[in-house]
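In my numbering, the protein residues as written are 151 to 710.
Think of the CB as a built atom: it goes at the ideal place given N, C-alpha and C, for glycine as much as any other residue.
Note that the coordinates shown come from a computational prediction; the quantities given were computed from them, not determined experimentally.
As C-alpha cells, the structure follows; a few thoughts come after it.
Pasting the structure below:
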C-alpha cells in the first residue's frame, strides 16, 4: 500500500494531492455517519475523489497545483458480502477483511486503477465500485423519470432475478429464431428474383460433371502428352544402354559378377562383393524391364491431348466465371446453388415450419413473461403499502403511491411498463411522481425507495449528498431515522447535510473545513469529538454567533 501500515485498519479513506486536499487519511465506520461543513468547504471534492474510485473519468486538472500526481485509496471490509466470485473471475487476490481499491492520476494525464494492488482496467474498477458504493445526489432523483429505473426497483425488491433469467433465456431464443426466420424470408425472396439465372448457373455446373481431383490429373496427363517425344527418346536411350544388343550395361555387370564368383573359393574376401553385385544385377534388370515396358506405352496422341485441353479450358473458364480457384470450390458452389433452389422450391413449406417454431418459442417467452409480471405485481402491492408507511411519517399524511402496470411488446426485461404514480393529497389525481412531486417530496420518495432497496441489496456503503434539500427540521429528523435504520447490519451510511436534526443523528460526525495557508487554500476533513459536535450543531442552528440557547438546543438534539 502507498499509504503505510496504518492503512491496514479496515474502512479508511486516503486522498493525497486532489484539488484542494493536501492529504486526508480518515477512518470510516459501520452505521450512520454525517458530514457537515460550510458551502464551498470541499464536501463535493471528497465526493469527486470517491467517484474516481468508482471508475469515473479522470481529469489531470484535478491534481493539486504544483504536484505531479494524486492518489485516492479506500479500504473495505467485505467479509459479510460474499463477493469472492468477482475476484476469482478476474484473477485478483481476495482479502475479505481488507479489500483495497486505489486510483492514481499523473499530471501527464495518465490514470491507473488497482484492486488489491493488482492493476485493472477502469471498467473492472467501475464494475466493483457499483457493488461497493452508492452515491445518492440530487441529480439521481432524475432517475424517477426513467421507466427502466422504476422497473429495476420493483425487480430488486421482488428479488425475481432467477425468474428474469428464465424469461430472458426463452426471450432471446425466440428473438434468435425470429431473426433467422426474417433472414430465410429475405433469402428466399432474393433467390426468387434471381431464380432463372441461378437455374442457368446450376445447369452449367451440373452439366460439367465435375469430379474431385480431375483438374490435377488432367494437367499432369497433358504435360506428359506434350513432351511424349522427349520422354520416348529418353526411355529408348536408357533401355538401349541397359539391355541393348551391343555391349549393354546388364551384360557387362553379369560378366563382372560371374568373374568374381569364380574366384570366391580362392579369394573369399570377394564373396560379399560378388553377392552385392548379384543383387545390383537383379535390381538393374528389373529397372530395365520397367523402362522397356514404358517405352511401349508412351505414344503421342494428338486427339487425346486436344480432348484434355478442351476439358481443361472448360474447367478454367468455370473457375474464372465463379471466382474460385479449385474444382472442389466449384462443386461447393454447385451444391450451394442447388440448396438455394431447393429453398425456392420448398420455400413456403420452410417458412411455415420456421414460423411454427417462432410461434412456439414466443408462447414459451410469453408464459415466462406472465409469471414475471405476476411476481412483480405482487411485489408492487407490498412496495405501495411500505412506501405509504414510510412517507406518512415524513410529512405527507395524505400520500397516495401506486405502481401502474401497462403491457408492452416483449423486451429484454419482460412485457411490463411500470410507472410510479404519486399524489400528496386526497383531492389531486395520481400522476407520474416526477411530474407532480416537489423537490422535497421527491427527495423523501427516493430516500424511502433507497431504504427498501438497501434491505434487498447487500451494498457496503451508501452516501447521501444533501438529500435533505427542501425539507423542514422535523421531517429531516424522520429522514435521519431512515438513514440510521439503513446503517444497521454493518453497512456504512454517510449523509452530507446542512440540517442540524440530521447531523445530530450520526454515530460519527465529520466536518469538512477550508483554510488559507501560506501555500494557498486547502480543504481537510476531521472527525469531531463530543464538544466539537455540540459547537458545530449549535453553529448550524444559530449561525456564526453561537448562543447559549443554541448550545443547549444542540445538546438536546445530541441527547447529551
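- Residue nearest to residue 565 within the set 367, 321 and 227 is 321 (criterion: CA-CA distance).
- It is roughly 7 Å from the alpha-carbon of residue 459 to the alpha-carbon of residue 372.
- Taking residue 377 as the centre and dropping the five residues before and after it, the same chain places no C-beta closer than 6 Å to its C-beta.
- Residues of the same chain with a CB within less than 7 Å of the CB of residue 169, apart from the 5 flanking positions on each side, are 195, 212 and 214 in chain order.
- For residue 447, the secondary structure class from DSSP, reduced to helix, strand or coil, is helix.
- Taken in chain order, the unbroken stretches of alpha helix (DSSP H) that lie wholly in the segment 561-602 and span 4 residues or more are 583-586.
- The beta carbon of residue 625 is closer than 6 Å to those of 544 and 545 in its chain, skipping five residues each way along the sequence.
- Judged by their CB atoms, residue 636 and residue 613 are not nearer to each other than the 9 Å cut-off.
- With respect to the C-alpha of residue 700, the residue from 350, 650, 675 and 499 having the closest C-alpha is 650.
- In the DSSP assignment, residue 175 is bridged to 164.
- If you compare the alpha carbons of 490, 560 and 568 with that of residue 334, the shortest gap goes to 490.
- Taken in chain order, the complete alpha helix (DSSP H) segments of 4 or more residues contained in the segment 225-256 are 234-239.
- Counting every other CB atom within 10 Å of its CB across the protein chains shown gives residue 518 a total of 16 or more, marking it as buried.
- If you look at residue 408, you'll find it in the alpha helix (DSSP H) that goes 399-413.
- In this structure, the alpha-carbon of residue 348 lies about 7 Å from that of residue 487.
- For residue 697, the three-state secondary structure derived from DSSP is coil.
- The beta carbons of residue 287 and residue 615 sit closer together than 9 Å.
- Distance from the CA of residue 198 to the CA of residue 241, rounded to the nearest whole angstrom, comes to 28 Å.
- Within the segment 636-694, the runs of alpha helix (DSSP H) at least 4 residues long that lie entirely inside it are, in chain order, 650-653 and 680-692.
- Taken through DSSP and simplified to helix, strand or coil, residue 461 comes out as helix.
- Cβ neighbours of residue 522 within its own chain (closer than 7 Å, five residues either side excluded): 310, 313, 314, 317 and 564.
- Residues 617, 629 and 632 of the same chain have their beta carbon placed closer than 7 Å to that of residue 597, with the five preceding and five following residues left out of the count.
- Secondary structure of residue 267 (DSSP, three-state): coil.
- Shortest Cα-Cα distance from residue 550 to any of 593, 167 and 542 involves 542.
- Annotated as proximal: residue 675 and residue 187, with beta-carbon spacing under 9 Å.
- Burial check for residue 304: the Cβ neighbour count within 10 Å reaches 16 or more, so the residue is buried.
- The residue from 331, 165 and 706 with its alpha-carbon nearest to that of residue 506 is 331.
- The segment 401-411 and the segment 425-442 touch, with no fewer than 3 CB-CB distances between them shorter than 8 Å.
- If you draw a 10 Å sphere on the C-beta of residue 278, you find 16 or more other C-beta atoms in it, and that means buried.
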